[in-house]
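Per my numbering, numbering through the sequence shown is continuous, rising by one, with the last residue being 1370.
No residue lacks a Cβ here, since even glycine has one placed at the ideal position from N, Cα and C.
Note that the structure is predicted; figures quoted are calculated from it, not measured.
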Amino acid sequence: MAEPAWPDPEILPVESAPVPAYGSGSLADLLPTLAAGMEVPGFEPRIAELEPADRNCVFLIDGLGWEQLLAHPDEAPYLSSLIASSRGGSGRPITVGFPATTATSLASVGTGLPPCNHGLPGYTARNPDTGELMNQLRWTPWTSPAAWQPYPTVFQLADRAGVHTAQVSAPHFQNTPLTKIALSGGTFHGRLSGEDRMDLAAEQLAAGDRSLVYTYYAEVDGKGHRYGVDSDAWRGQLMYVDRLVQRLAEQLPPRSALYVTADHGMLDVPFDDEHRIDFDHDWELRAGVALLGGEGRARHVYAVPGAQSDVLACWREVLGEQFWVASRDEALAAGWFGPPGAYDPRVYDRLGDVVAAARDDVLIIATEREPKESLMTGNHGSMTPVEQLVPLLQVRT
């Protein structure tokens, strides 16, 4: 008797991934829209729901996704009271970009460009000039910031146009390469406490007839990575940042708009072999791979020369029911990293020969190459709503 013919596993189509809303409702569209409203030359409004204001403040809360905010009204009563104001009063979120990770998102915020243009396409990516993986958050190994990201920031262009421009953040961010290439322009003001940052941001907002101020808080993300978004530590940070937003909102000068947003959401991934696939101990996934970049939910896979098609076929066969798995060209054509056809050629070889983005609650960890990252409870990076959607809450005076 013949063996039954089992159907092939259902491979997720590349085009089925819910790509970011580049050009109309993504994080990269926020500052260009605000700059256009302040009549900075060269900018057009992209997020149609936003009304112009003379003084604009963006408060970016690292790791506070839309779905996490909706799920925690008791811990964030003030933020929750603003949900209806999101995206110009439509009550809707915006998306970040792909990958949904801090270095990529901050570069998109500051430059107003998608990842395929600004060139920070993930947590780690290959430097084509050296063949090494570059950590774009920590900026190691060192490479010239201006060569890696040559475009001016929106802050720089606004400052040149006479807008009072300032960044208010933790002091240790002032001279980092990521700050220089993504968030510089005008003046940087370092303050340790969250309360001091809120007070100074309000002061800087009032310091010009037209102002653009950026401020940032990191520890919602930090506690989420370490303890998870289902932890008391994470909830405590959400409660704290809720009070910070209210403190800033109550000090806004006239003719101001405060926008509260984030660089990505986050989800907790269980610590078991079903949910955490260890690249360093999986011979199938390692075959033909020269470098493993990105992070657990958004991987750049760099093949040894001549092995690209074999690596793509293997990763698609092994992971294709849980991950969207694409070749570099397929990912670009599908709009994962920005509008199709719009990529900067200098960025092309920074992207993996194969790109894998998680749909399910799974990770590709690497316990030997990435021991610390492999131990994180909360994770992000892919295109699922819990990672992609972020608030754009608004307070106006």
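Helix, strand or coil at residue i according to DSSP, with G and I counted as helix
{"i": "PHE1296", "result": "strand"}
{"i": "ALA1067", "result": "The question names Ala, but residue 1067 is Ile in the sequence shown. Three-state result, ILE1067: strand."}
{"i": "ARG1342", "result": "coil"}
{"i": "ILE1250", "result": "strand"}
{"i": "HIS1045", "result": "coil"}
{"i": "LEU1365", "result": "coil"}
{"i": "ASP1241", "result": "strand"}
{"i": "ALA1329", "result": "strand"}
{"i": "VAL1031", "result": "strand"}
{"i": "ILE1154", "result": "helix"}
{"i": "SER1355", "result": "coil"}
{"i": "SER1059", "result": "helix"}
{"i": "LEU1336", "result": "strand"}
{"i": "GLY1314", "result": "coil"}
{"i": "PHE1146", "result": "helix"}
{"i": "THR1350", "result": "coil"}
{"i": "THR1370", "result": "coil"}
{"i": "GLY1010", "result": "helix"}
{"i": "SER1054", "result": "helix"}
{"i": "ARG999", "result": "Here residue 999 is Ser; the residue named in the question, Arg, does not match the sequence. Strand."}
Counted within 10 angstroms of its Cβ, other Cβ atoms place residue i as buried (16 or more) or exposed
{"i": "THR1103", "result": "exposed"}
{"i": "LEU1221", "result": "buried"}
{"i": "PRO1123", "result": "exposed"}
{"i": "THR1113", "result": "exposed"}
{"i": "HIS1145", "result": "exposed"}
{"i": "PRO1358", "result": "exposed"}
{"i": "GLY1279", "result": "exposed"}
{"i": "ASN1148", "result": "exposed"}
{"i": "PRO1094", "result": "buried"}
{"i": "LYS1196", "result": "buried"}
{"i": "LEU1079", "result": "buried"}
{"i": "LEU1086", "result": "buried"}
{"i": "ARG1111", "result": "exposed"}
{"i": "LEU1151", "result": "buried"}
{"i": "LEU1033", "result": "buried"}
{"i": "ALA1001", "result": "buried"}
Alpha carbon of residue i to alpha carbon of residue j, nearest angstrom
{"i": "TRP1288", "j": "HIS1198", "result": "26 angstroms"}
{"i": "ALA1286", "j": "LEU1336", "result": "19 angstroms"}
{"i": "PRO1018", "j": "CYS1030", "result": "16 angstroms"}
{"i": "LEU985", "j": "GLU1303", "result": "13 angstroms"}
{"i": "GLY1159", "j": "GLU1360", "result": "31 angstroms"}
{"i": "PRO1005", "j": "THR1138", "result": "14 angstroms"}
{"i": "ALA990", "j": "ALA1179", "result": "43 angstroms"}
{"i": "ASP1236", "j": "THR1097", "result": "17 angstroms"}
{"i": "TRP1256", "j": "PRO1243", "result": "23 angstroms"}
{"i": "VAL992", "j": "ASP1246", "result": "28 angstroms"}
{"i": "VAL1193", "j": "ASP1326", "result": "33 angstroms"}
{"i": "GLY1351", "j": "ASP1334", "result": "11 angstroms"}
{"i": "LEU1253", "j": "ARG1319", "result": "In the sequence as displayed, the identity of residue 1253 is Asp instead of Leu. Rounded to whole angstroms, ASP1253 to ARG1319 spans 30 angstroms at the Cα level."}
{"i": "THR1077", "j": "GLY1267", "result": "11 angstroms"}
{"i": "PRO1344", "j": "MET1239", "result": "20 angstroms"}
{"i": "VAL1218", "j": "TRP1039", "result": "16 angstroms"}
{"i": "LEU1165", "j": "THR1188", "result": "12 angstroms"}
{"i": "PRO1072", "j": "GLU1176", "result": "34 angstroms"}
{"i": "VAL987", "j": "GLY1354", "result": "16 angstroms"}
{"i": "ARG1272", "j": "GLY1135", "result": "41 angstroms"}
{"i": "PRO1125", "j": "THR1074", "result": "21 angstroms"}
{"i": "VAL1127", "j": "MET1107", "result": "25 angstroms"}
{"i": "ARG1323", "j": "SER997", "result": "26 angstroms"}
{"i": "SER1054", "j": "GLU1048", "result": "12 angstroms"}
{"i": "GLY1167", "j": "SER1300", "result": "43 angstroms"}
{"i": "GLU1022", "j": "GLY1201", "result": "33 angstroms"}
{"i": "PHE1310", "j": "CYS1089", "result": "5 angstroms"}
{"i": "TRP1297", "j": "GLU983", "result": "11 angstroms"}
{"i": "VAL1274", "j": "GLU1024", "result": "42 angstroms"}
{"i": "VAL1013", "j": "LEU1130", "result": "7 angstroms"}
{"i": "ALA1174", "j": "ASP1215", "result": "16 angstroms"}
{"i": "ARG1099", "j": "GLU1105", "result": "6 angstroms"}
Near the ligand NAD: residue i beta-carbon under 8 angstroms from a heavy atom
{"i": "VAL1277", "result": "Absent from the structure shown: the ligand NAD. Ligands present: none."}
* **In chain order, each alpha helix (DSSP H) run of at least 4 residues that lies wholly inside the stretch 1165–1191** => 1167–1179
* Kindly provide the ranges of any alpha helix (DSSP H) runs that are 4 or more residues long and lie completely inside the stretch 1116–1144, ordered along the chain. => 1118–1121 and 1127–1133
* **Residue ranges of each beta strand (DSSP E) within the stretch 1194–1239, 3 or longer** => Those beta strand (DSSP E) runs which fall completely within the stretch 1194–1239 and span 3+ residues are 1229–1234.
* Asked: Taking only runs of the beta strand (DSSP E) that begin and end inside the stretch 1255–1299, which ones reach a length of at least 3 residues, in chain order?
  -> As far as the stretch 1255–1299 is concerned, its whole beta strand (DSSP E) runs of at least 3 residues are 1262–1268 and 1271–1276.
* To do: Could you say if the stretch 1352–1367 and the stretch 1226–1244 meet the contact criterion of at least three C-beta pairs nearer than 8 angstroms?
  => As far as the Cβ criterion goes, the stretch 1352–1367 touches the stretch 1226–1244, which means the pair count is three or higher.
* To do: Counting only runs of 3+ residues fully inside the stretch 1074–1114, write out the beta strand (DSSP E) ranges in chain order.
  => 1097–1099 and 1106–1108
* So, do the stretch 1043–1062 and the stretch 1254–1264 have three or more beta carbon pairs nearer to each other than 8 angstroms? -> no
* Should the stretch 1168–1188 be regarded as contacting the stretch 1199–1206, the criterion being three or more beta carbon pairs within less than 8 angstroms? -> No: fewer than three Cβ pairs fall under 8 angstroms.
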